[in-house]
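**Student:** If you read the sequences in order, they're chains A and B.
If you're matching positions, the first sequence starts at 1 in this note's numbering and goes up one per residue.
If you're matching positions, the second sequence starts at 1 in this note's numbering and goes up one per residue.
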Amino acid sequence: MSTHGGFARGLRAAWTVYLKEVRENLRDKRTVLNALITGPLLGPILFGMIFSFTLQRQLSEADKPLPVPVIGAQHAPNLLHALAAQGLVVEPPPAQGAVATIRSHAAKVVLVIPPGYDAAWRKGQPAGVELYYDSARQDSGTPVRRVKRMLQVYASTIAAQRLLVRGLAPTLLRPVAAEDRDLATPQSRSALMFSILPYFFVLTVFLGGMYLAIDTTAGERERQSLEPLLANPVGRGMLLAGKLGATVSFALISLLLSCIAFAVVGRFLPVEKLDIVLDIGPRFAAWVLLLMAPLALLLATLQTLVSAFAKSYREAQTYLSILMLLPVIPSLLLAVMPLQPRPWMYAVPLLGQQLGIMDLVRGEGVGLVPLLAVLLGTSLAAVLAFVLTRWLYASERLAVSA
Amino acid sequence: MIEVRELRKAFGKVQAVDGVSFAARDGAITGLLGPNGAGKTTTLRMLYTLMRPDAGSIRVDGIDAVADALAARRHLGVLPDARGLYKRLSARENIAYYARLHGLSGSALRTRVETMIHLLQLEAEAGRRTEGFSQGQRVKVALARALVHDPHNVILDEPGNGLDVMATRALRGFLRNLRDEGRCVLFSSHIMQEVAALCDRIVVIAHGRVVAEGSSDELRARTGAATLEDAFVALIGSGEGLAA
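Here is the structure:
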């Protein structure tokens, strides 16, 4: 068995198993649909949607005229003129009053200028205006901020004018001047939004291999074809290798298609409007495939391990759906507490891929040491998972249905 | 030739096979008869090396099946109780898959596959996917793939299960042909008629033990029973779990 000829014979058998599993699954509409169409397209389409949505919101927040119902407009024509110059559109006062207008969601913010405004202004006292809004409503935040900012701009202009009239420098009112020096590059600004990208890739790999992992193990047993298969003169390790190979192939092809879809979607996204750079072309795709390859092996092995011991196809599906949540953890972790990447983190499966792909998105490239850490760390985990699966695969319980 | 000596296998506290010994000779059909739960399937599973015995020895054409399972499997054609086919492959592809796993390739493979299709009269459906095949057609394909490497020994677990009369007759004819070619045919059954009609030698199993072994005449003579059926009931102690 351990002779050289035996090993070569085993490899040929593994290849036979591989070809048969690939062929059989290519004939399965559900698998092809999930692994080669839905899976690869899911990430790019979702990403495109999130991107356009964010873009639209940012653009509308920045430029669009802001309609605001104003009560008591006649008391402060100058103020309203200044606000209108900044993009505020004065709406006629609502009949139901400010409070009811906000409560009934008829407007996000209402500006009230009380009758005493003019008198206070003339005396040089702070002239009060009231802003009605409901901070519990999420969409009120931006309009309220904008109106407040407009009022502030107007107030400081007037303050500066009053000082000048009295012969004082307006700078007196600015004892400390804080100025922004934002060091974010367009690339790194985009990284924030793109931190979700790695998860899409992991998800694609997972979905791409999932159906084969189940079909070749729990499915094969449920269809009563595993026991006769095991009567053939092929060691279980070689059977496992062939089946795993087919699963990994589907996962990687799924990932490749996903990369292509991302590259296509990336061409149509109006990234320049956000002043960021998005480089998800062929070079990016090649790097992603390299970083993800050992992870595909690891995930396929884990999927096989889990489904080989599920009692039925359905049970395997349930377990794998739970296992699918696992890759979310590093993404969430990095989102909640952005940790300083350290070299060892690249060696952690999933986390390493997440960090590596983020480096790519930021346009920094992956250094040699992190790259080796990613490849070696995840490969080692994959080999350990394979050895464990191989060991469990030899159990008698595996073959016996029911 | 399959020789079994003092085979034992326990699952937890249940002693499924408790010291089974027998020999299945070349050029003969040997039947393993016993009620459901007697240990027939477990015994056969150890013979075709799906399970390892706790104790005892198995020799297939002189090969120690416990020590060198792969070598023993090359000398065995197996039709287990589970006989699922690959639905998305045609009958021919199902058979060819097993031929490849046995190391056949090229023209040798094609010849063997077509021979099996011819032998089992599968010509009409060979190119069709096996989804929707009748039970009889499925058993034919399962037999064809099990024997595609031309094994000298054939093990069948309850081969008559689920077959109609015509398919059963065809199966019996096929097994007799295998015997006449000089092969060693070993099958299990809980159906007395099947065993009586086919077997040259009968091994009666109950509670994981061999309770009798011999030709049908020998078994009748030994128990003094008039019919083989009475002989079985006398040997096993009850007719429970057997089918006429």
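Glycine included, each C-beta is placed from N, C-alpha and C at the ideal position.
Quick caveat: nothing in here was measured; it's all calculated off a predicted structure.
In chain order, what residues of the same chain have a beta carbon less than 6 Å from the beta carbon of A:Glu227, not counting five sequence neighbours either side?
**Tutor:** Closer than 6 Å at the Cβ level, and outside the excluded window around A:Glu227, lie Ala399.
**Student:** So, does the CB of A:Val32 fall closer than 8 Å to a CB anywhere in chain B?
**Tutor:** So, not an interface residue.
**Student:** Going by DSSP in three states, A:Lys108 sits in which element: helix, strand or coil?
**Tutor:** A:Lys108: coil per DSSP, three-state reduction.
**Student:** Just checking my contact of A:Val99 with A:Tyr133 at CB under 8 Å: how many whole Å lie between their CB atoms?
**Tutor:** Their Cβ separation, rounded to whole angstroms, is 11 Å, which puts A:Val99 and A:Tyr133 out of contact at 8 Å.
**Student:** Does the separation of the CB atoms of A:Cys259 and A:Val288 fall below 8 Å?
**Tutor:** Closer than 8 Å, so yes.
**Student:** The alpha helix (DSSP H) with B:Ala99 in it runs from where to where?
**Tutor:** From DSSP, the alpha helix (DSSP H) with B:Ala99 extends over Ala91 to Leu101.
**Student:** Tell me which residues of the region 39 to 68 of chain B have at least one Cβ-Cβ distance to chain A shorter than 9 Å, keeping chain order.
**Tutor:** Answer set for the region 39 to 68 of chain B: Arg45, Tyr48, Thr49, Leu50, Met51, Arg52 and Asp68.
**Student:** Would B:Gly208 and B:Gly56 qualify as a contact pair, given that the criterion is a beta-carbon distance under 8 Å?
**Tutor:** It is not a contact, given that the beta carbons lie outside the stated cut-off.
**Student:** Helix, strand or coil for A:Thr247? Go by DSSP, reduced to three states.
**Tutor:** Helix, per DSSP.
**Student:** Answer with buried or exposed for B:Ile29, where buried requires no fewer than 16 other C-beta atoms within 10 angstroms of its C-beta.
**Tutor:** Buried: at least 16 other Cβ atoms inside 10 Å.
**Student:** For A:Phe262 and A:Ala373, what's the separation of their Cα atoms in angstroms?
**Tutor:** When rounded, the distance between both Cα atoms is 26 Å.
**Student:** Give a yes or no on whether 8 Å exceeds the smallest Cβ distance from A:Val22 to chain B.
**Tutor:** So no, A:Val22 is outside the interface.
**Student:** Does chain B have any CB closer than 8 Å to the CB of A:Ala231?
**Tutor:** Taking Cβ atoms only, chain B reaches closer than 8 Å to A:Ala231, which makes this a yes.
**Student:** Cβ closer than 7 Å: which chain B residues qualify as neighbours of A:Leu27?
**Tutor:** First, the residue type needs correcting, since residue 27 of chain A is Arg and not Leu in the sequence shown. Near A:Arg27 (Cβ distances below 7 Å), the residues of chain B are Arg88.
**Student:** Is it right to say A:Ser331 is buried, meaning 16 or more other beta carbons lie within 10 angstroms of its own, or is it exposed?
**Tutor:** Buried, by the Cβ-count rule.
**Student:** Could you check where the beta strand (DSSP E) with B:Glu158 kicks off and where it finishes?
**Tutor:** Note, B:Glu158: premise wrong, no beta strand (DSSP E); not H, not E.
**Student:** Consider the Cβ of A:Met1: report whether some Cβ of chain B lies at a distance smaller than 8 Å.
**Tutor:** Residue placement at A:Met1 is flagged as unreliable, the pLDDT there being 44, under the threshold of 50; the coordinate-derived value follows with that caveat. Yes, contact with chain B.
**Student:** At 8 Å on the CB atoms, spell out the chain A contacts of B:Leu245, in chain order.
**Tutor:** Given a span of 1 to 244 for chain B in the structure shown, any question on residue 245 of chain B remains unanswerable.
**Student:** One question on the structure: do A:Phe386 and A:Thr301 come within less than 8 Å of each other, judged by their Cβ atoms?
**Tutor:** Closer than 8 Å, so yes.
**Student:** Cβ of B:Gly182 less than 8 Å from any chain A Cβ?
**Tutor:** So no, B:Gly182 is outside the interface.
**Student:** Is the shortest distance between the beta-carbon of A:Arg362 and the beta-carbons of chain B less than 8 Å?
**Tutor:** By this cut-off, A:Arg362 is not an interface position.
**Student:** Three or more C-beta pairs under 8 Å: does that hold for the region 235 to 248 of chain A against the region 350 to 367 of chain A?
**Tutor:** Touching, no.
**Student:** Hey, does B:Ala91 have any beta-carbon neighbour from chain A nearer than 8 Å?
**Tutor:** So, not an interface residue.
**Student:** Beta carbon of A:Gln138, beta carbon of A:Ile214: below 8 Å?
**Tutor:** In this structure, A:Ile214 does not lie closer than 8 Å to A:Gln138 by Cβ.
**Student:** Can you tell me whether DSSP reads A:Gln125 as helix, strand or coil?
**Tutor:** Three-state result, A:Gln125: coil.
**Student:** Have a look at A:Pro94, A:Val369, A:Thr204 and A:Phe7 and flag the residue whose alpha-carbon is nearest the alpha-carbon of B:Leu70.
**Tutor:** The shortest Cα separation from B:Leu70 among A:Pro94, A:Val369, A:Thr204 and A:Phe7 belongs to A:Phe7.
**Student:** Helix, strand or coil for A:Pro294, going by three-state DSSP, please let me know.
**Tutor:** It is helical.
**Student:** Look at the alpha carbon of A:Met1 and the alpha carbon of B:Asp68, and state the distance between them as a whole number of angstroms.
**Tutor:** For A:Met1, the pLDDT reaches just 44, beneath the cut-off of 50, and the residue's location in the model is therefore unreliable, although a value from the coordinates is still provided. When rounded, the distance between both Cα atoms is 8 Å.
**Student:** Report the residues of the region 72 to 83 of chain B with a CB closer than 8 Å to any CB of chain A, ordered along the chain.
**Tutor:** Residues Arg73, Arg74, Leu76, Val78, Leu79, Pro80, Asp81, Ala82 and Arg83.
**Student:** Using a 10 Å radius around the Cβ and a threshold of 16 neighbouring Cβ atoms, would you call B:Gln135 buried or exposed?
**Tutor:** The residue is exposed, with fewer than 16 neighbouring Cβ atoms inside 10 Å.
**Student:** Going straight from the alpha carbon of A:Ala310 to that of A:Arg145, what length do you get?
**Tutor:** Their Cα atoms are separated by approximately 55 Å.
**Student:** So what does DSSP say about A:Ala159, is it helix, strand or coil?
**Tutor:** Helix, per DSSP.
**Student:** Whole angstroms are fine: how far does the CA of A:Leu297 sit from the CA of A:Gln303?
**Tutor:** Each residue's Cα considered, the two are about 10 Å apart.
**Student:** Is the Cβ of A:Ala13 closer than 8 Å to any Cβ of chain B?
**Tutor:** By this cut-off, A:Ala13 is an interface position.
**Student:** Assuming B:Val245 and B:Ile95 make a contact with CB atoms under 8 Å, what is their CB distance in whole Å?
**Tutor:** Any answer about residue 245 of chain B is impossible in this case: the structure gives chain B only from 1 up to 244.
**Student:** Mind checking whether B:Tyr98 and A:Asn232 have CB atoms under 8 Å apart?
**Tutor:** In contact: B:Tyr98 and A:Asn232 (Cβ atoms closer than 8 Å).
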